[in-house]
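Notes to accompany the following structure.
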Amino acid sequence: MAEVGRAAVRDPGALLPGGFWAAVAVWLERPQVANKRLCGVRLEARRSVALPRAAAGPRPRSPGEGLGPGQTTGPARGTAIRGPGESQPRHGQRENPQREAAAAARLAGGSGPAGEAGVGESEFPASDLDSLWDAFSQSLDGGHPELLAFLSGPAAASQPEAPSELAVVLRTLIPKTGPRCPLAVPRRELVVQDVLNGTVTFLPLEEDDSGNVKVETSNVYQIRLSQSQEEWFISILIFCPERWHSDGIVYPQPAWLGEELLARLARWSVESKKSGFKSTLSLISIIKYSKTYQMLKEKYKDMVKVWPEVTDPEKFVYEDVAIAAYLLILWEEERAELGLTAKQSFIDLGCGNGLLVHILSTEGHPGRGIDVRRRKIWDMYGPQTCLEEGAITPSDKTLFPDVDWLIGNHSDELTPWVPVIAARSSYGCRFFVLPCCFFDFTGKYSRRQSRKTQYREYLDFVTEVGLACGFHVEEDCLRIPSTKRVCLIGKSRTYPPAGEVSMDEQRTQYINSRRGRPVSPPNEVSVPLPPRATVGHAGHPDGHQTLDTGAATGRAEIRADQLWLSGFQPREKAERVRNCATLPRDFIDQVVLQVAHLLLNGEQLNTGSASSSSSKAWNRGGSLSLAEVAHELAGETLQRLKRECGGLQTLLRNNHQVFEVVNGRVHIRDWREKKLQRQLHSEAKRRLCSEAFKTRMCWFYSHHPDGCVLPSDSCPFAHGPAELRPPQTPKRKKPVL
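Right, dumping it as structure tokens:
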């Protein structure tokens, strides 16, 4: 046994030992947070067990004496557990061990029956955990005293006859696939949690040629919490360091465990804040997602090289690839669950650059995207990708009765309407929304609860809309390069098809209530709404639904041109530039001079040009908060800035040659510090700096009382008209069609 790391943990708020077990839960349920080479984990079963009495740990401690928070709260012996955040089995998972083993073997690079579709993921039924633990316990009792002592903890010798209650979790670690590791093998392990002793031990499982699974003692390690004289310690120990085999993915180097992982565990242990979101990819198969994502990434990675938009190509391409991978697996598992063969159809409302539509269409799903504004990249996709330019205004004219799924991917003002449109299009229409900007049915969303973050509150609002529309709403967290990565999914209804008319009346009441209007206005007869959508022909092979036009024709004509809620405004077709760039140059210059005057403690600024540097120390001035700066500016000036979206802070950040805005405080920029940073720039950034060198006048040379802090040959800006160079237009790569 060897200790590869030990960290003292300061406990400012009596968070330990509970915080330690919260940190262990992160490493147990979301190991990819610490180990970026892991795609994720699947928890398969939990049992309450006991070590053999001969090697049992110490007696249970009284409250306040032990390391653990109390008895374990896991399921009783013989019960299976779900993965994090799951309330029911994942869609598409079947209790067929033979087929599950074949599917897992193919994912791991093995061979299965040709042409057999992979169903589920598990090749080791959770019900066999009891027999596996019994066999392992017998081997411990018979011939592995060192491993027994390692599992029992350091206090086992003091109470050798006392039984130790343990929680044993069976989990599967899923590596990321990539060019270096295209078919990384998922690895299973037993995790033994001893709450009373403050230890958690990880035991890798191996399978022999006959299919027998056993514990492999080479890569066994333990995380331990201990206390000495009111000081807490977290340690990581390896059972047999001379036999440790590191594969660099599932089993890292011992140094990584003792440094990187230990540091994270120590930090997580004293972080009292809890996440209000589900675990990443909790509704789909992580193994299938990892494989599909890598396939799509390789297939569409060249889009980054030819991206014609001004947006960041890497972020948008790989984000849409990840969303497409998620939807493809979600829909694949839905087809397996419902016994369908035809791929689901879709409409992407507010499709933007259209890449998600392009990927889903190329992968065989019939669908189209609609956006109010056409993008340059649309012309690159080809005729097989259907993209339409047009505004969506929620009404009876914007229904999609023959579509299986509606997608709202950062759909802005349409986000809360997506569940409504899906519910009214047909009984079988489902929805997927990825909320970003916060919109209500008409206009911006107004907060109602200060106890939640604005993002969490808005997600709850969209969930509320889905429930009001009659959907069972599920939440999941995507693996995308964005801070807004929680999606909401409506796959099934809370009511039978026959209840469509009464349910639509409830939807109308809810929508009207968001405007504060009474459900039935005074002196006005309430006309019942038509049954917009009914279930299509039973057993339809591709799952498409249709409107019952015969029942709805009369009343649908009455409401054909009527909006569902007045006041909705689709976004403008021409995107307005609202970053203070359209303000008059003389107005911007005036505000810059005013703010600089404040920061320089009222020292007189030069309003002409060709100022020479003074021999005294260069005056950098002080710092002021944004509120203090705003207080000194005229109200008319502030109102003019606010109309340009972003206000004062946006203007100051745009004038980064003069100002720095850090943590809400404004400073005069010192270009001596900037010069040091430029020496560390990458080659690409240095080339960009050289192209812009001396193409603009130096504000400090012209206006600062002490002139520019840099000599002329070091300043990237021109010291006088003689140094000005014409701006260079960067060459853009031509799209390769």
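Under this note's numbering, the first residue of the sequence shown carries the number -16, and numbering increases by one thereafter.
In this text, a Cβ means the ideal position worked out from N, Cα and C, and glycines have one as well.
A quick note: this is a predicted structure, and the numbers were derived from the prediction, not measured.
What did DSSP end up calling residue i once you bin it into helix, strand or coil?
i	result
Tyr438	helix
Leu339	helix
Leu624	helix
Ile157	strand
Ala617	coil
Arg171	strand
His650	strand
Val692	coil
Leu149	strand
Met722	The chain is shown only over -16 to 720; residue 722 falls outside these bounds and no answer can be derived.
Arg490	helix
Asp385	coil
Glu643	strand
Val723	Outside the displayed span of the chain (-16 to 720) sits residue 723, for which this structure offers no information.
Arg603	coil
Asp362	helix
Ala(-10)	strand
Glu292	coil
Return the CA-CA distance between residue i and residue j, expressed in angstroms with no decimal places.
i	j	result
Gly373	Val293	22 Å
Gly23	Ile157	5 Å
Ala17	Ala705	55 Å
Pro567	Val575	13 Å
Cys698	Arg636	20 Å
Phe185	Ala249	18 Å
Gln121	Pro35	8 Å
Arg20	Thr160	9 Å
Glu346	Glu483	34 Å
Ala6	Val300	33 Å
Lys288	Pro187	42 Å
Cys334	Pro377	16 Å
Ser344	Val456	26 Å
Gln367	Ile306	20 Å
His393	Pro137	53 Å
Phe683	Lys427	41 Å
Asp(-6)	Lys197	39 Å
Arg413	Asp387	6 Å
Thr56	Phe3	For Thr56, the pLDDT reaches just 37, beneath the cut-off of 50, and the residue's location in the model is therefore unreliable, leaving the point undetermined.
Ile330	Leu311	14 Å
Would residue i pass as a contact of residue j if the rule is Cβ separation under 8 Å?
i	j	result
Pro464	Glu281	no
Val401	Leu382	no
Pro688	Gln587	yes
Asp423	Arg497	yes
Leu581	Glu615	yes
Ile219	Tyr234	no
Arg648	Ser685	no
Asp177	Leu153	no
Phe133	Arg(-11)	no
Gly350	Ser328	yes
Gly241	Val(-13)	yes
Pro418	Leu442	yes
Gly473	Ala579	no
Gly337	Tyr309	no
Leu631	Ala613	yes
Ser209	Leu(-1)	no
Phe222	Met486	no
Ser262	Arg439	no
Arg476	Tyr410	yes
Gln437	Phe421	yes
Glu458	Thr446	yes
Pro296	Glu396	no
Since residue i sits in a beta bridge, which residues does DSSP pair it with?
i	result
Leu179	Paired residue(s): none; Leu179 is not in a bridge.
Val371	A small correction: the amino acid at residue 371 is Glu; Val does not occupy that position in the sequence shown. Beta-bridge pairing links Glu371 to Ile353.
Gly775	The chain is shown from -16 up to 720; residue 775 falls before or after that span and cannot be answered.
Gln205	Thr184 and Leu220
Gly473	Phe414 and Val456
Phe329	Gly350 and Trp388
Leu21	Pro158
Leu26	Arg154
Taking 7 Å as the cut-off, does the CB of residue i come closer than this to any heavy atom belonging to the ligand FAD?
i	result
Ser485	This structure lacks the ligand FAD; in fact it carries no ligand of any kind.
Does residue i have its Cβ less than 8 Å from a Cβ in chain D?
i	result
Gly(-4)	Here chain D cannot be found, since the structure has a single protein chain.
**Study point:** Secondary structure, alpha helix (DSSP H): runs of 4+ residues fully inside the stretch 393 to 456
**Key:** 400 to 408 and 437 to 451
**Study point:** Start-end ranges of the alpha helix (DSSP H) lying completely within the stretch 208 to 270, minimum 4 residues
**Key:** 245 to 252
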